[in-house]
Amino acid sequence: RDDIKNASDPEATRREKVDDYPEKFANPYVAAARGYIDDVIDPRDTRPLLIKALNMIANKNEQRPAKKHGNIPV
7 RDDIKNASDP EATRREKVDD YPEKFANPYV AAARGYIDDV IDPRDTRPLL
57 IKALNMIANK NEQRPAKKHG NIPV
């Protein structure tokens, strides 16, 4: 805000910052570089990757510890 306020042409500076925002912050590559997401995939590859992931977990059997105490009747 100080950059915009102190600029010789505040409106042009504001427009420039608004135009630069998506490139710097609102794109998946920045999120991937910061570790927020695992991978950036091409939209054409979405269906095959989802099928592969669902096939991997289709027969997953989660081992849970046996219950130590059951629910008491109330």
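Numbering (the working numbering), first residue to last: 7 to 80. Each residue gets a CB set at the ideal place from its N, CA and C atoms; glycine is no exception. For clarity, every value in this text was computed on a predicted model and none was experimentally measured.
Query - residue 37 vs residue 45 beta-carbon contact at 8 angstroms - result: Within the sequence shown, numbered from 1, the residue matching residue 37 stands at position 31. Within the sequence shown, numbered from 1, the residue matching residue 45 stands at position 39. At least 8 angstroms separates the beta-carbon of residue 37 from that of residue 45.
Report task. Using beta-carbon positions only, say whether residue 34 and residue 43 come within less than 8 angstroms of one another. Result -> As a first step, residue 34 is located in the sequence shown; it is residue number 28 there, counting from the start. As a first step, residue 43 is located in the sequence shown; it is residue number 37 there, counting from the start. Cβ atoms of residue 34 and residue 43: closer than 8 angstroms.
Query raised in the report: Should residue 10 and residue 30 be called a contact, given that it needs their Cβ atoms to be closer than 8 angstroms?
Result: As a working mapping, residue 10 is identified with position 4 in the sequence shown. As a working mapping, residue 30 is identified with position 24 in the sequence shown. With respect to residue 30, residue 10 sits apart: the two C-beta atoms are not nearer than 8 angstroms.
Query raised in the report: Secondary structure at residue 17, three-state DSSP: helix, strand or coil?
Result: Taking the sequence shown and counting its residues from 1, the one referred to as residue 17 is at position 11. Three-state DSSP puts residue 17 in a helix.
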